[in-house]
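Student: Before anything else, here's the structure in question.
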Amino acid sequence: MIIQRIPKQVTKAPSGAAVSSMPLHEVAIPLDKSITAQYMADHAYRECKRSLMIARQNRLNGDHEDVAFFLNDAAEFRRIYQAFANAVDVMGGL
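Offset between the sequence shown (1-based) and this note's numbering: plus 369.
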C-alpha cells in the first residue's frame, strides 16, 4: 500500500480554525503540473454546482437552515475553483 505524504503547509491551520475557514492566500498547495490544478478546479466547479442544486432543493422543501449551509458551501467551492483556475493561468495553461 502506497501512502502519500501531505506537506505540512497544506494541513496546518491556526489553532482552533478549520482548514476550510483559512484564507486561500495562507494555504500553500504545492503544484508542479498545471493538469493537477485544472483537475482540482474542475472538481471544485462540480462541487459548487452540486451544492447549489442541493440548496435549491432544500429551498423548495422549506428547509432554510440547510439552504444557508449549502449556499455557504457553494461559495467556498467557488472560491477554491477561482484559486485553482488562477494557478492554471499562472502556470501557462495545460
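Glycine residues also receive a C-beta, built at the ideal position from the N, C-alpha and C atoms.
1) Beta carbon of D321, beta carbon of S420: below 8 Å?
2) What did DSSP end up calling M460 once you bin it into helix, strand or coil?
3) Nearest CA to the CA of H412: which residue from N430, G461, L429, A454?
4) Tell me the DSSP secondary structure of K418 in three-state form.
Tutor: On the basis of the data shown:
1) What the structure shows of the chain is the stretch from 370 to 463, and residue 321 is not part of that stretch, so it cannot be assessed.
2) Looking up residue 460 in the sequence shown gives position 91. Coil at M460, not helix or strand.
3) To locate residue 412, count along the sequence shown from 1; it is residue 43. Nearest of N430, G461, L429, A454 to H412, Cα basis: A454.
4) In the sequence shown, residue 418 corresponds to position 49, counting from 1. Helix.
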